[in-house]
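J.: Pasting a structure here, questions to come.
2 protein chains.
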Amino acid sequence: MRVGIGIVGAGVVGGALASKLIDEADAIEAKSGLSLEVVKVGVRDLAKARPFDLPADRLTDRPEDVVDDPDVQLVVELMGGLEPAGSIVQRALEAGKPVVTANKELVASRGLELSDLAHERGVALLYEAAVGGGIPIIRPLSQSLAGERLTRVMGIVNGTTNFILTKMTEEGAAYSDVLAEAQVLGYAESDPTADVSGADAAAKAAILASLAFGSWIAGDDVPRSGIDGIEVEDLIRADDLGYVVKLLAIAEESADGVAVRVKPTLVPHEHPLAAIRGAQNAIFVEGDAIGQLLFAGPGAGGEPTATAVLGDVIDAARELLAGAQVTPPVRFQPSRVLEAGRINTSRYYRLIVNDAPGVLARIAEVFGDHEVSIASVWQEGMGGQATLLLVTHQAPESSHDAAVADLERLDAVAEVAAVLRVLDGD
Amino acid sequence: MRVGIGIVGAGVVGGALASKLIDEADAIEAKSGLSLEVVKVGVRDLAKARPFDLPADRLTDRPEDVVDDPDVQLVVELMGGLEPAGSIVQRALEAGKPVVTANKELVASRGLELSDLAHERGVALLYEAAVGGGIPIIRPLSQSLAGERLTRVMGIVNGTTNFILTKMTEEGAAYSDVLAEAQVLGYAESDPTADVSGADAAAKAAILASLAFGSWIAGDDVPRSGIDGIEVEDLIRADDLGYVVKLLAIAEESADGVAVRVKPTLVPHEHPLAAIRGAQNAIFVEGDAIGQLLFAGPGAGGEPTATAVLGDVIDAARELLAGAQVTPPVRFQPSRVLEAGRINTSRYYRLIVNDAPGVLARIAEVFGDHEVSIASVWQEGMGGQATLLLVTHQAPESSHDAAVADLERLDAVAEVAAVLRVLDGD
Chain A
249 MRVGIGIVGA GVVGGALASK LIDEADAIEA KSGLSLEVVK VGVRDLAKAR
299 PFDLPADRLT DRPEDVVDDP DVQLVVELMG GLEPAGSIVQ RALEAGKPVV
349 TANKELVASR GLELSDLAHE RGVALLYEAA VGGGIPIIRP LSQSLAGERL
399 TRVMGIVNGT TNFILTKMTE EGAAYSDVLA EAQVLGYAES DPTADVSGAD
449 AAAKAAILAS LAFGSWIAGD DVPRSGIDGI EVEDLIRADD LGYVVKLLAI
499 AEESADGVAV RVKPTLVPHE HPLAAIRGAQ NAIFVEGDAI GQLLFAGPGA
549 GGEPTATAVL GDVIDAAREL LAGAQVTPPV RFQPSRVLEA GRINTSRYYR
599 LIVNDAPGVL ARIAEVFGDH EVSIASVWQE GMGGQATLLL VTHQAPESSH
649 DAAVADLERL DAVAEVAAVL RVLDGD
Chain B
249 MRVGIGIVGA GVVGGALASK LIDEADAIEA KSGLSLEVVK VGVRDLAKAR
299 PFDLPADRLT DRPEDVVDDP DVQLVVELMG GLEPAGSIVQ RALEAGKPVV
349 TANKELVASR GLELSDLAHE RGVALLYEAA VGGGIPIIRP LSQSLAGERL
399 TRVMGIVNGT TNFILTKMTE EGAAYSDVLA EAQVLGYAES DPTADVSGAD
449 AAAKAAILAS LAFGSWIAGD DVPRSGIDGI EVEDLIRADD LGYVVKLLAI
499 AEESADGVAV RVKPTLVPHE HPLAAIRGAQ NAIFVEGDAI GQLLFAGPGA
549 GGEPTATAVL GDVIDAAREL LAGAQVTPPV RFQPSRVLEA GRINTSRYYR
599 LIVNDAPGVL ARIAEVFGDH EVSIASVWQE GMGGQATLLL VTHQAPESSH
649 DAAVADLERL DAVAEVAAVL RVLDGD
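These protein sequence lines map, in sequence, to chains A and B. If you use this note's numbering, the first sequence corresponds to residues 249 to 674, in order. If you use this note's numbering, the second sequence corresponds to residues 249 to 674, in order.
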């Protein structure tokens, strides 16, 4: 059965998807029974050469023309960013056309409203490729685990930063050098801000948390730090202490609300996430009955992402043809995000101290004042300035932050040089 | 919206599912919008105490009464085995009632016919829990990756044998001792044949291969060896050589057909599957565009399996209410199974030889005659009997088997003590 497909955005993923739909049409039809015809593709520059073969009149530089084309029954949005992507998705849903998107920024920002709109119009809004690239994670969370009380979702969801951290750790290279190399290799964009600031990972964490706990969380509500301030010294010291530093997205449900955050985190060497190197992604899903599930694979790249988009396109096309909304877009409960200060965490501190008798006692006193208990301490260097490494037990973020403020006021402390989270227990 | 559920089989998984549906009805309804009411449960022994709370008139020891109950709209089959489970599933589908099952033996044996029947009647036949227990793998294969040309599916799909092999390797304990321990701990059944013979893994391999390649393969068509003949000596020697022995299911597509088999296999220490310990399962899915995906988690157990079944029940109930068959049961192409002898593989051999000049030359000659090339050799012991370990390069199974037959005829070879596969390359 034939379904007319419109694609807006023909960059790396859009180009790979169009090529797949055109070149492998027979194989897709044999496997799915669907004839998915690319009717219209919205591009930025009509003059640019494309990796796919389509008559010129099927290309347009007006994205709304894709949505409005009466022969387009299903819209795939692969422009990225909030606008004009958001208007395009909204226009399609309002016209009763199902939408498949890989746009994590849009879903993390307007997912609640767009899901409601899709629900109202009785059409699908699918976004498997928005998190984890080619890794099937959205469908398992929203369908396979629909009957499970999930307790935690945690993982490495940004390939660029994992590539950079892996390189820095393994080669002892500085952040700026590795970033430059990643840009040359195509692992980082020319403006890497969204990745290295943790914003991309925060959007994905918000989507995962919303689906896992059925409670809407916007990307902007996720406390985050990026890797742009990371010094290679801390990666090396963490390694000596038995950890590897990963940019970790964690979402946990507790009685007080959903705690979600994205932070560079010390992961014990023996933890499976420590073994996820380079641009790979890996996500743990934990639940009462299910125990611990691991999903891992290529977190980005045109081809894997296009595969995930195509899986959604096939699903949405089937629903469309069946004339029924079988898996309604998730309807989220009001958000109950735990404020950042109340999240319990262990931390790693690197302090530059003026080595003098009693320094350690004064520092320990500051932590004690804020009820942050120290798990272990290492001191290096004597006379003049020394380096002090501390790993603490769990305490609320607000207590940690208050301790840092006090430490910075101590004469004995020249600098609080690094503050990182530690993944403990499991 | 309400859906009447009938469950046949109230063992570990059935009991866990019924408890979940009854105790967590409110949470399930909040998350899915569905009121799933347990209308009838078929049990073997009406007198036995159950972990779930149901009025006595909702229990029956006649499984067909569950299917025939007009208030039962959806049937969950959790009896296991071919009969009477097969008749019950068929009866339900013929009555136009969707079926969810965790029965890998039934799906691997009659899946083609039952899928066709479900397709004809326009109802769902779902079996996420048949492979990998709580790990979502069926849905990713049949939906998320529907547009992908998959090349290989490979993994550890039987928790009992992985538990036994892990224990034997880590404790140097004999097979029979570890099996007895596994039985006491509940990791192995009192009759462990299906697990240790590789039959259970072969059924799962057949299901994975059928879905991955869209080509129907029956469980009985999967060449297999179990772990019942495994000696701890080979586990220790494999470890010395840099490998760990796993019961591996592998299905690969080649131009000549689908090669699928279940065999104890030497896996390099650095391979991610080497790290899968105890009763865990892990499955790699590989494709042209997708690269390599890993799914891992608890491969068995009542609770995780019941979670997977519940995900299917929610899906099937939604389709039922929508009155539409959105994801039609997979329609398989005719099978193109590559015969076992043509599968290329590397092997590990342990030979007991009568140590005399020229022995190694004669053995090497036998392998050479059959065009099996030797990658490495270790010899231990001198004078009298010696142990010879060989690891070969890839060669067709038939060539290996012919070499073994000739080796057994050599006076110099006292015994071909062990023959195992080696996972090479990747």
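Backbone N, C-alpha and C fix where the C-beta goes; we use that ideal spot for every residue, glycine too. Note that this is a predicted model, so its numbers are computed, not measured.
Hey, which unbroken runs of the alpha helix (DSSP H) at 4 residues or more fall wholly within the segment 450-518 of chain B?
T.: Here the runs fully enclosed are 480-488.
J.: Need the endpoints of the alpha helix (DSSP H) that residue 566 of chain B sits in, please.
T.: Counting along the chain, the alpha helix (DSSP H) containing residue 566 of chain B begins and ends at 550-570.
J.: State the CB to CB distance for the pair residue 290 of chain B and residue 256 of chain B, rounded to an integer number of angstroms; the pair is presumed to be in contact (CB under 8 angstroms).
T.: Rounded, the Cβ-Cβ distance is 4 angstroms, consistent with contact.
J.: Using the C-alpha atoms, what's the distance from residue 484 of chain A back to residue 642 of chain B?
T.: Distance between the alpha carbons of residue 642 of chain B and residue 484 of chain A: 41 angstroms.
J.: Establish whether the CB of residue 397 of chain B and some CB of chain A are separated by less than 9 angstroms.
T.: Yes, contact with chain A.
J.: Rounding to the nearest angstrom, what Cα-Cα distance links residue 416 of chain B and residue 412 of chain A in this structure?
T.: Their backbone Cα atoms lie some 40 angstroms apart in a straight line.
J.: Since residue 621 of chain B is in the alpha helix (DSSP H), which residue starts that stretch and which ends it?
T.: Per DSSP, residue 621 of chain B belongs to no alpha helix (DSSP H) and is neither H nor E.
J.: Going along the chain, which residues of its own chain have a beta-carbon closer than 7 angstroms to the beta-carbon of residue 332 of chain B, five neighbours each way excluded?
T.: Closer than 7 angstroms at Cβ, skipping near neighbours: 311.
J.: Would you verify that the beta carbon of residue 611 of chain B is, or is not, closer than 9 angstroms to some beta carbon of chain A?
T.: Not an interface residue.
J.: What does DSSP give as the partner residues of residue 388 of chain A in its beta bridges?
T.: Its beta-bridge partners do not exist; DSSP assigns none.
J.: Can you list the residues of chain B that residue 275 of chain A reaches, using a CB-CB cut of under 9 angstroms?
T.: 395, 397, listed in chain order.
J.: Mind checking the segment 614-633 of chain A against chain B and listing, in chain order, the residues whose C-beta falls within less than 8 angstroms of any C-beta there?
T.: Answer set for the segment 614-633 of chain A: empty.
J.: Based on Cα-Cα distance, which residue from A/260, A/378, A/410, A/342 lies nearest to residue 456 of chain A?
T.: For residue 456 of chain A, the nearest C-alpha among the options comes from A/378.
J.: Spatial neighbours of residue 674 of chain A within its chain, please: C-beta separation below 6 angstroms, excluding the five flanking residues on both sides.
T.: Confidence in residue 674 of chain A is poor, its pLDDT being 43 and thus under 50, which makes the residue's placement too unreliable to answer from.
J.: CB-CB under 7 angstroms to residue 540 of chain A, same chain, minus the five flanking residues each way: which ones, in chain order?
T.: Only 532, 534 meet the Cβ criterion.
J.: Are the beta-carbon atoms of residue 285 of chain B and residue 273 of chain B separated by less than 9 angstroms?
T.: Closer than 9 angstroms, so yes.
J.: At a Cβ threshold of 9 angstroms, is residue 543 of chain B touching chain A?
T.: Residue 543 of chain B counts as touching chain A.
J.: Count the other C-beta atoms from every protein chain shown that fall within 10 angstroms of the C-beta of residue 351 of chain B, then say buried if there are 16 or more, exposed otherwise.
T.: Buried: at least 16 other Cβ atoms inside 10 Å.
J.: Does DSSP put residue 523 of chain A in a helix, in a strand, or in coil?
T.: Note: residue 523 of chain A maps to helix in three-state DSSP.
J.: Pick out whichever of A/448, A/552, A/355, A/639 has its Cα sitting closest to the Cα of residue 473 of chain A.
T.: Considering only alpha carbons, the answer is A/448.
J.: Residues bridged to residue 529 of chain A by DSSP?
T.: A/545.
J.: Could you name the residues of chain A that residue 376 of chain B contacts, counting a contact when the two beta carbons are closer than 8 angstroms?
T.: Going along chain A in sequence order, the residues near residue 376 of chain B (Cβ under 8 angstroms) are 392.
J.: Tell me the residue span of the beta strand (DSSP E) that contains residue 402 of chain B.
T.: Counting along the chain, the beta strand (DSSP E) containing residue 402 of chain B begins and ends at 398-404.
J.: Could you tell me the distance, in whole angstroms, from the CA atom of residue 669 of chain A to the CA atom of residue 593 of chain A?
T.: C-alpha separation (whole angstroms): 7 angstroms.
J.: Can a CB atom of chain A be found closer than 9 angstroms to the CB of residue 326 of chain B?
T.: So, not an interface residue.
J.: Going by DSSP in three states, residue 594 of chain B sits in which element: helix, strand or coil?
T.: Strand, per DSSP.
J.: Which chain B residues sit within Cβ distance under 8 angstroms of residue 338 of chain A?
T.: Correct list: empty, because the minimum Cβ distance to chain B is about 24 angstroms.
J.: What residues are listed by DSSP as bridge partners for residue 644 of chain A?
T.: For residue 644 of chain A, which the question treats as bridged, DSSP gives the partners A/592.
J.: Does the beta carbon of residue 268 of chain A come closer than 9 angstroms to any beta carbon on chain B?
T.: Yes, because at least one Cβ of chain B sits closer than 9 angstroms to the Cβ of residue 268 of chain A.
J.: Report all residues from its chain with a CB closer than 8 angstroms to the CB of residue 306 of chain B; omit the five preceding and five following residues, and keep chain order.
T.: The answer, listed in chain order, is 286, 287, 288, 289.
J.: Residues in the same chain with beta-carbon distance under 8 angstroms from residue 431 of chain B, minus the five sequence neighbours each way, listed in chain order, please.
T.: So the qualifying residues of the chain are 437, 438, 440.
J.: Going straight from the alpha carbon of residue 355 of chain A to that of residue 471 of chain A, what length do you get?
T.: Distance between the alpha carbons of residue 355 of chain A and residue 471 of chain A is about 18 angstroms.
J.: Assuming residue 763 of chain A contacts residue 325 of chain A under a Cβ cut-off of 8 angstroms, what Cβ separation, rounded to an integer in Å, is found between them?
T.: What is shown of chain A runs 249 to 674, which leaves residue 763 of chain A out entirely.
J.: What's the C-alpha gap between residue 249 of chain A and residue 302 of chain A?
T.: C-alpha separation (whole angstroms): 21 angstroms.
J.: Here's the rule: buried if 16 or more other CB atoms are within 10 angstroms of the residue's CB, otherwise exposed. What is residue 647 of chain B?
T.: With 16 or more other Cβ atoms within 10 Å, it is buried.
J.: Alpha carbon to alpha carbon, what distance is there between residue 586 of chain B and residue 617 of chain B?
T.: The alpha-carbon atoms of residue 617 of chain B and residue 586 of chain B are separated by roughly 24 angstroms.
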